[in-house]
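Following: one structure in structure tokens, then a few remarks.
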């Protein structure tokens, strides 16, 4: 298909997409349709009315043919004679010219339509398509930005395309740079869409790390969700890299927030506190406080670790209210992903203080680990307080 005809076809699709049911087939940063259900247009024709002439031109363009293109061009020109500032008429005149193979006229009339109004979504989609066809990623992104800022319906059409487009590394790099430089108001909406519908963990990890490193404002819980998504996709080291960029940490720590002074963060590398019936965990006053109902067991708190293969020692202090008998909680180290247990620390007396002190070994094939405190079922409700948790390497 000649370039002018292809662009006209894209613009016709855009005209329909604004007001009828469509099925969009996404292609990097361009648009096409696999099915179109036309809308009906009921008008009492008034040949002197610019709006009606423009509407007839648009309707004629829905069914592509040379005869319709000639008629649409005539109606669009009539509309412009009556209202020279009608962006839709200028755009439709350009679409018709493109269908007739008049590339220069198509470009001039699209430029004029854009000059008259930057709110005409089909025209903006045409500008995007022109730049995609020319391999101009930066230019395409600029018109994405204009469309998303100026048209309330643009997000429905463009966000899914932009989510898929970042699977391509050049688009991803350009988008991160564009957002960093321009800080568009749709950044959080786009990032939320990427989180919810993106299918490529590499794209999510790269975009998140790039935006975080550039200090682009993003909702903290959204970044934590991205970290969790990447980790659960089986890539905890990459997830931890995003976590370090988010927290500004210069180096890796064996255990984070072991003194229980921070309540921030919901990523898997922070303390994940259970809030379920019969098991409640909170951080307050430099302690981890856990309430466990009678005959209740299971994990009450956990944290994902990135420890190199080797031997380690775990220590923490324990206070309790109530008498659990022998049903004291224990710490479990498991390889992640998976559930292979690498170690278990039982509570006992340590330096006249009840707590935990024990060693565990991280095997070579254990690239990440989950540390979890497991409550045992007791005959009575019990409250535990944990403090001063630490992990250190041993020889």
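In the numbering used here, the protein residues as written are 6 to 400. Yeah, the Cβ is synthetic: ideal placement off N, Cα and C, and Gly gets one too. Computed from a predicted model, the values in this text were never measured in an experiment.
Between which two residues does the beta strand (DSSP E) containing residue 303 stretch?
303-310
Apply the 10 Å Cβ neighbour rule to residue 194 and answer buried if 16 or more other Cβ atoms are within range, or exposed otherwise.
exposed
With DSSP as the reference, identify every bridge partner of residue 151, one or two as the case may be.
Note: residue 151 sits in no beta bridge, so no partner.
In chain order, what residues of the same chain have a beta carbon less than 7 angstroms from the beta carbon of residue 342, not counting five sequence neighbours either side?
239
If you drop the 5 nearest sequence neighbours on each side, which residues of the same chain put their C-beta closer than 6 angstroms to that of residue 295?
286, 305, 389
When you compare only the Cα positions, how much space is there between residue 66 and residue 87?
20 angstroms
Output the distance between the C-alpha atoms of residue 282 and residue 301, rounded to the nearest integer angstrom.
9 angstroms
Which residues in the same chain as residue 117 place their Cβ atom closer than 6 angstroms to its Cβ, once the five residues preceding and following it in sequence are excluded?
95
Assuming contact is defined by CB atoms lying nearer than 9 angstroms, are residue 189 and residue 150 in contact in what I supplied?
yes
How many angstroms separate the CA atom of residue 104 from the CA atom of residue 78?
10 angstroms
Decide if residue 391 is buried, meaning its Cβ has at least 16 other Cβ atoms within 10 Å, or exposed.
buried
Rounded separation between residue 226 and residue 270 - CA only:
7 angstroms
Start and end of the beta strand (DSSP E) containing residue 325?
315-326
Which residue from 197, 181, 376, 297 puts its Cα closest to that of residue 221?
181
Quickly, what does DSSP pair residue 336 with across the bridge? List them, please.
350, 378
Going residue by residue through the stretch 208-267, where are the continuous alpha helix (DSSP H) segments of at least 4 residues, counting only ones entirely within it?
225-237, 241-252
Residue 194 lies in the alpha helix (DSSP H); which residues open and close that run?
192-202
For residue 344 and residue 374, believed in contact at Cβ under 8 angstroms, the rounded distance
So it is not a contact: roughly 11 angstroms between Cβ atoms.
Classify residue 359 as buried or exposed, calling it buried when 16 or more other Cβ atoms lie within 10 Å of its own Cβ.
exposed
Straight-line Cα distance separating residue 123 from residue 303
58 angstroms
Take the Cβ of residue 68 as the centre, count every other Cβ of all protein chains shown within 10 Å, and call the residue buried at 16 or more, exposed below.
exposed
Identify which residue in 314, 187, 210, 257 has its Cα closest to the Cα of residue 244.
210
Within the stretch 58-123, ranges of the alpha helix (DSSP H) (whole runs, at least 4 residues):
71-87, 92-104, 108-121
In terms of residues, what are the limits of the beta strand (DSSP E) holding residue 387?
387-399
Within this structure, are the beta carbons of residue 81 and residue 58 separated by less than 9 angstroms?
yes
For residue 175 and residue 102, the rounded distance between their alpha carbons:
33 angstroms
Let me confirm a value: residue 400 is counted as buried when at least 16 other C-beta atoms fall within 10 Å, else exposed. Which label applies?
exposed
Give a yes or no on whether 9 angstroms exceeds the smallest Cβ distance from residue 334 to chain C.
No chain C is part of this structure, which consists of one protein chain only.
DSSP-derived helix/strand/coil call for residue 281
strand
For residue 215, I'd like the list of residues in its chain whose CB is within less than 7 angstroms of its CB, leaving aside the five on either flank, ordered along the chain.
181
To the nearest angstrom, report how far apart residue 274 and residue 183 are at their CA atoms.
30 angstroms
C-alpha distance - residue 224 paired with residue 145, whole-angstrom precision:
26 angstroms
What's the gap between the Cα of residue 119 and the Cα of residue 92?
7 angstroms
If you reduce the DSSP assignment to three classes, tell me which class residue 206 lands in.
helix
Helix, strand or coil at residue 286 [DSSP, three-state]:
strand
Just to confirm, are residue 312 and residue 352 a CB contact at a threshold of 9 angstroms?
no
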